[in-house]
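Trainee: Structure provided below as structure tokens; questions to follow.
In the numbering used here, the protein residues as written are -19 to 169.
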């Protein structure tokens, strides 16, 4: 029989109020609280904490400006030279994979958790989660929302304020609500 965490990571319905999941969420909240209280100039400690919190980090050139929020942390994988500006929020109930040389503007949210539109089912506290994958060389403008199950290709710019509800192909500029490609960049290497 699968645990609620195993169900969560497999994209199956799970209990969001499972004791083990709540324990892990609270442990991460404590780490995030400490991270957000660090002096911005304490770069060594900030990097050290991110390397311990996130599931995979491509190198120590990572920078996430405070405040930063996530649910588990260990389900977030970032590539080399990752930067995220203020108020980066990641609900990482499913895996969030971000490639090399990605830059995230302020007030960006990545949400893997999904909830039923049926109020009875929603009130049962059952939910499911779908992964988000972001390729290499992606710039995500300020105020962007990226929803569960989305894949963004390589060499993409997501315009500020966009709501990404479906996959975005490589080598384009995409904007809007819902976000859609508006300019091709041709094939990039």
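Where a beta carbon is used, it is the ideal one built from N, C-alpha and C, also for glycine.
As the structure is a computational prediction, the values presented were derived from the model and not from experiment.
Give the range of the alpha helix (DSSP H) segment to which residue 11 is assigned.
Mentor: As a working mapping, residue 11 is identified with position 31 in the chain shown. It spans -1 to 17 - the alpha helix (DSSP H) in which residue 11 sits, taken as one unbroken run.
Trainee: Quick check on DSSP: helix, strand or coil for residue 27?
Mentor: By one-based count along the chain shown, residue 27 stands at place 47. Note: residue 27 maps to helix in three-state DSSP.
Trainee: Using a threshold of 7 Å, state whether the C-beta atoms of residue 103 and residue 117 are closer than that.
Mentor: Stepping through the chain shown from its first residue, residue 103 is reached at position 123. Stepping through the chain shown from its first residue, residue 117 is reached at position 137. Not in contact: residue 103 and residue 117 (Cβ atoms no closer than 7 Å).
Trainee: Give the straight-line distance between the Cα atoms of residue 151 and residue 94, rounded to the nearest whole angstrom.
Mentor: Numbered from its first residue, the chain shown carries residue 151 at position 171. Numbered from its first residue, the chain shown carries residue 94 at position 114. Residue 151 and residue 94: Cα-Cα distance of roughly 28 Å.
Trainee: Am I right that residue 40 and residue 72 are in contact with their C-beta atoms under 8 Å? What's the rounded C-beta distance?
Mentor: Along the chain shown, read from residue 1 onward, the residue named residue 40 stands at position 60. Along the chain shown, read from residue 1 onward, the residue named residue 72 stands at position 92. Contact doesn't hold; Cβ gap of about 21 Å is too wide.
Trainee: Under the three-state reduction of DSSP, which class applies to residue 163: helix, strand or coil?
Mentor: If you number the chain shown from 1, residue 163 lands on position 183. It is a strand residue.
Trainee: What are the partner residues of residue 131, as DSSP defines its beta bridges?
Mentor: Taking the first residue of the chain shown as 1, we reach residue 131 at position 151. Answer by DSSP bridge pairing, in chain order: 113.
Trainee: Which partner residues does residue 156 have in the DSSP bridge list?
Mentor: The residue labelled residue 156 in the question sits at position 176 within the chain shown. DSSP output for residue 156 lists 159 as bridge partner(s).
Trainee: Quick check on residue 32: does DSSP put it in helix, strand or coil?
Mentor: As a working note, residue 32 is residue 52 in the chain shown. DSSP places residue 32 in helix when its eight states are reduced to three.
Trainee: Which of the three DSSP states is assigned to residue -8 in this structure?
Mentor: Here residue -8 is taken as the residue at index 12 of the chain shown, counted from 1. Residue -8 falls in the coil class under three-state DSSP.
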